[in-house]
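All remarks here apply to the structure that follows.
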Amino acid sequence: MLLLTALVFGVVVGGIILLVYLNKFGDWLVTSDVLSPSLIMLCTYLACMFLFHRHD
Numbered sequence: 001m002l003l004l005t006a007l008v009f010g011v012v013v014g015g016i017i018l019l020v021y022l023n024k025f026g027d028w029l030v031t032s033d034v035l036s037p038s039l040i041m042l043c044t045y046l047a048c049m050f051l052f053h054r055h056d
């Protein structure tokens with residue numbers, strides 16, 4: 001249970017850091033109006049998939 005919590009925490013923190021870096025890169029490259037929501041949705045989807053898969 002502790003391992004699961006640590007894993008989820010790591011995924012969330014890693015996702016946020018990734019989003020911040022990609023956001024800055026996207027802002028530098030092009031306007032990231034499309035990039036940001038799709039990335040957030042992807043990260044949320046992956047996190048949910050991880051959670052439900054582990055709970056099974």
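Quick note: the sequence shown, position 50, residue 50 per the UniProt record's numbering, numbers continuous.
Beta carbons: idealized from backbone N, C-alpha and C, even for Gly.
Rounded C-alpha distance that separates residue i from residue j
i, j, result
"V20", "L3", "26 Å"
"S38", "L51", "20 Å"
Nearest neighbour of residue i, chosen from the options [CA to CA]
i, options, result
"V12", "F25, C43, K24, H53", "C43"
"I40", "F25, T5, L18", "L18"
Nearest-angstrom beta carbon gap, residue j and residue i [assumed within contact, 8 Å]
i, j, result
"A47", "G15", "7 Å"
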